[in-house]
Amino acid sequence: MRPRSFGQISRETPVTAVDVAVVGGGFTGTAFAIHLSRTAGRPLDIAIVEPRARPGCGVAYDTDDPDHRLNAPLQVHFVYPDAPDHLHDWYVERGGPVSDLGTDDPEALGPDGNLYIRRGDFGRYVEAQLRAHIAGNASGSRIRHVRARAVAARRTADGYRLTLDGGQTLAARLTVLAAGYDRPQAPPPFAGAASGHAGFVADPWDAARLRDIPADARVLVLGMSQTASDAIAVLLRNGHNGPIAAVARRGLRPRAKPAGASGPPPDIVERIVRPVSLFTAAHGRHGTALSPLHTLRAEVRRAEAAGSDWTGPFGDLRDSVWDVWPALPTAERRRFLRHLRVWYDAHRFQLPPQVEARIAAAEAAGQLSFEAARCESAASDGSAISVTLRRRGSGERRRERFDAVVNCTGPALRPDRSGNPFVADLTAQGHATLHPAGIGFNVDRECRALGAGGRADPHLRIVGPPVYGAFADQQGAAFIALRLCALMPGIAAALQR
Numbered sequence: 479m480r481p482r483s484f485g486q487i488s489r490e491t492p493v494t495a496v497d498v499a500v501v502g503g504g505f506t507g508t509a510f511a512i513h514l515s516r517t518a519g520r521p522l523d524i525a526i527v528e529p530r531a532r533p534g535c536g537v538a539y540d541t542d543d544p545d546h547r548l549n550a551p552l553q554v555h556f557v558y559p560d561a562p563d564h565l566h567d568w569y570v571e572r573g574g575p576v577s578d579l580g581t582d583d584p585e586a587l588g589p590d591g592n593l594y595i596r597r598g599d600f601g602r603y604v605e606a607q608l609r610a611h612i613a614g615n616a617s618g619s620r621i622r623h624v625r626a627r628a629v630a631a632r633r634t635a636d637g638y639r640l641t642l643d644g645g646q647t648l649a650a651r652l653t654v655l656a657a658g659y660d661r662p663q664a665p666p667p668f669a670g671a672a673s674g675h676a677g678f679v680a681d682p683w684d685a686a687r688l689r690d691i692p693a694d695a696r697v698l699v700l701g702m703s704q705t706a707s708d709a710i711a712v713l714l715r716n717g718h719n720g721p722i723a724a725v726a727r728r729g730l731r732p733r734a735k736p737a738g739a740s741g742p743p744p745d746i747v748e749r750i751v752r753p754v755s756l757f758t759a760a761h762g763r764h765g766t767a768l769s770p771l772h773t774l775r776a777e778v779r780r781a782e783a784a785g786s787d788w789t790g791p792f793g794d795l796r797d798s799v800w801d802v803w804p805a806l807p808t809a810e811r812r813r814f815l816r817h818l819r820v821w822y823d824a825h826r827f828q829l830p831p832q833v834e835a836r837i838a839a840a841e842a843a844g845q846l847s848f849e850a851a852r853c854e855s856a857a858s859d860g861s862a863i864s865v866t867l868r869r870r871g872s873g874e875r876r877r878e879r880f881d882a883v884v885n886c887t888g889p890a891l892r893p894d895r896s897g898n899p900f901v902a903d904l905t906a907q908g909h910a911t912l913h914p915a916g917i918g919f920n921v922d923r924e925c926r927a928l929g930a931g932g933r934a935d936p937h938l939r940i941v942g943p944p945v946y947g948a949f950a951d952q953q954g955a956a957f958i959a960l961r962l963c964a965l966m967p968g969i970a971a972a973l974q975r
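Quick look at the structure:
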């Protein structure tokens, strides 16, 4: 039986002193603790503050739904950049697509020959790696799971004192904010009475709420992202036969991988850690947000003329954003986020073929529709929700009634709009600040938080998706793991003192 806790600190303990407090025990926080225990020059006391029973999963991987799959092949998801095949070997040892991970998964093998495993299985893998490092690690460090939520922080002379929701206090020399995403927030039209309607599903990862939607219900899905596709696939697998309409302001859906497209490059690690990125080496530096996209379009035309497709040139840009993004002026980064990010994301986050096939079949049958439109207002209308939609382009408005509305608009990406009390406390005190680009936190190259005075705080690091403003695409396991490994020597040296 898998252990459900990892050396938890008692709620009766008034103050516990640790070397490192990692706030957030999803992939980013767990990988941070693992790599620090492998790199540290002396034994450290590391606490992972995570309210879930299973650290390692977070929002993304804490699921057992069979339609929640990694959107990219297994080989680009890893904890250890120096052993990128480790996940594959672990998975195959447990039976591969027909595994001992709880349920058989014969659908894992995609038509392109790649494995697109369930996100829950990847979460179990990360959890298993943490468990192994709790049992023993190179530095002899102690790793503990504190099953609680951090709610406040107070700066001290030699670190931070964290208040947890159970009443405990952690005194840490180094605090690491590794909380990836908050749950989605209701969009403005649903901030009023409609948000309390029984048919409004605020959290698309709430499997029980999706299961409760009647099979013949008229469903509106807000958004067309990968999350929206996941929610639609879950409804369809559950036997939903009523109409489903998905709307998004620009109508951009995740791009389908072209038939015959090659899999991920085998040298994914080398591509990301090059001194100069592939894209910059080939095309030079770019001073505007549009310039690299114009270059990309030219490269796609070249590839298509040679009988290839867009995935190769786009992959070169995707694996170079760590180099391309910081070179852009702040105004250009803001321009990208306002006008171009949705286009980039539609190409970046492709659907796993299993989900794509299910959605394509429903669309072909006329059950599922997609429309470029925005939701202007929503109100409870008896047992239904009445929604006013405005079509993109024509501006035509119409009012429709839906039995259920599923919110897939995504989490708030600005710290000042986060519902996380710990994040709110850090920003209110000026210990952490919004990045000038308007997304994520402001940090230096070593991920030290830049406070209200612009000074780097050696006792507070922020890692993972919340540092998008500084480093751009920090949303894939490969990008996160590689950045964490790059940070470790400096962090280990600072903790050695």
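Note that the sequence shown covers residues 479 to 975 in our numbering. We put the beta carbon where it would ideally sit given N, CA and C, even for glycine. Quick caveat: nothing in here was measured; it's all calculated off a predicted structure.
Asked, Found
"Would you mind stating whether F757 and D794 have Cβ atoms separated by less than 8 Å?", "yes"
"Check whether the region 690–704 and the region 524–539 are in contact - that is, three or more C-beta pairs closer than 8 Å.", "no"
"Kindly give me the distance between the Cβ atoms of A511 and V500, rounded to whole angstroms, as I take these residues to be in contact under 8 Å.", "5 Å"
"Would you decide whether V493 is buried or exposed? Buried here means 16 or more other CB atoms lie within 10 Å of its CB.", "exposed"
"What are the start and end residues of the alpha helix (DSSP H) that includes C963?", "955–974"
"Give me the DSSP bridge partner(s) of D523.", "R620"
"Whole angstroms is fine: what's the gap from V884's alpha carbon to L713's?", "11 Å"
"Thinking C-beta only, is L548 closer than 8 Å to I595?", "yes"
"Could you pull out every residue in the same chain whose Cβ sits closer than 8 Å to the Cβ of P770, ignoring the five residues on either side in sequence?", "F757, H761, H764, L795, V802"
"Looking at R877: is its Cβ nearer than 8 Å to the Cβ of A851?", "no"
"For V699, which of C886, D894, G897 has the nearest alpha-carbon?", "C886"
"Flag this pair as yes or no: are the beta carbons of P562 and I750 separated by less than 8 Å?", "no"
"For E924, count neighbouring C-beta atoms within 10 Å of its own C-beta (all shown protein chains included) and say buried if the count is 16 or more, exposed if not.", "exposed"
"Pull up the DSSP beta-bridge partners for F848, would you.", "A724"
"Assuming H913 and D935 make a contact with CB atoms under 8 Å, what is their CB distance in whole Å?", "The Cβ separation is near 15 Å, so there is no contact."
"How many whole angstroms separate the CB atoms of I863 and L891, which I take to be in contact at a CB cut-off of 8 Å?", "So it is not a contact: roughly 26 Å between Cβ atoms."
"Give the DSSP-derived three-state secondary structure of H564 in the structure shown.", "helix"
"Assuming P899 is part of the alpha helix (DSSP H), what are its boundary residues?", "899–906"
"Which of the three DSSP states, helix, strand or coil, is assigned to V493?", "strand"
"Give every residue of the same chain whose Cβ lies closer than 6 Å to the Cβ of A695, excluding the five residues on either side of it in the sequence, and list them in chain order.", "G720, D881, A882"
"What's the C-alpha gap between A964 and G519?", "16 Å"
"Find out if the Cβ-Cβ distance for the pair F505, A955 is shorter than 8 Å.", "yes"
"Could you give the C-beta distance for V865 and R728, rounded to a whole number, given that I count them as a contact under 8 Å?", "V865 to R728, Cβ: 18 Å. No contact."
"For G580, which three-state DSSP category applies?", "Note that G580 scores a pLDDT of 47, beneath 50, so its modelled location is shaky; the value from the coordinates is reported in the next line. G580 falls in the coil class under three-state DSSP."
"Can you list, in chain order, the residues of its chain whose CB lies under 6 Å from that of G580, leaving out five sequence neighbours each side?", "The predicted model places G580 with a pLDDT of 47, which falls under 50 and marks its position as unreliable; any figure quoted below should be read in that light. Nothing listed; no residue qualifies."
"Do P736 and T789 have their C-beta atoms closer together than 8 Å?", "yes"
"Which residues in the same chain as G942 place their Cβ atom closer than 7 Å to its Cβ, once the five residues preceding and following it in sequence are excluded?", "T506, A656, G658, Q952, I958"
"Is V498 closer than 8 Å to F900 when the C-beta atoms are compared?", "no"
"Return the CA-CA distance between G838 and P732, expressed in angstroms with no decimal places.", "Gly is not the amino acid found at residue 838; the sequence shown has Ala there. Each residue's alpha carbon lies about 12 Å from the other."
"Below 8 Å on the Cβ atoms is my guess for L962 versus H513; work out the distance and round it to an integer in Å.", "5 Å"
"DSSP beta-bridge partners for C886?", "DSSP lists no partner for C886."
"Using the C-alpha atoms, what's the distance from A616 back to D684?", "39 Å"
"Between which two residues does the beta strand (DSSP E) containing T641 stretch?", "637–642"
"CB-CB under 6 Å to A840, same chain, minus the five flanking residues each way: which ones, in chain order?", "L714, L846"
"Where are the alpha helix (DSSP H) runs, 4 residues long or more, that stay fully inside the region 675–725, in chain order?", "685–689, 704–715"
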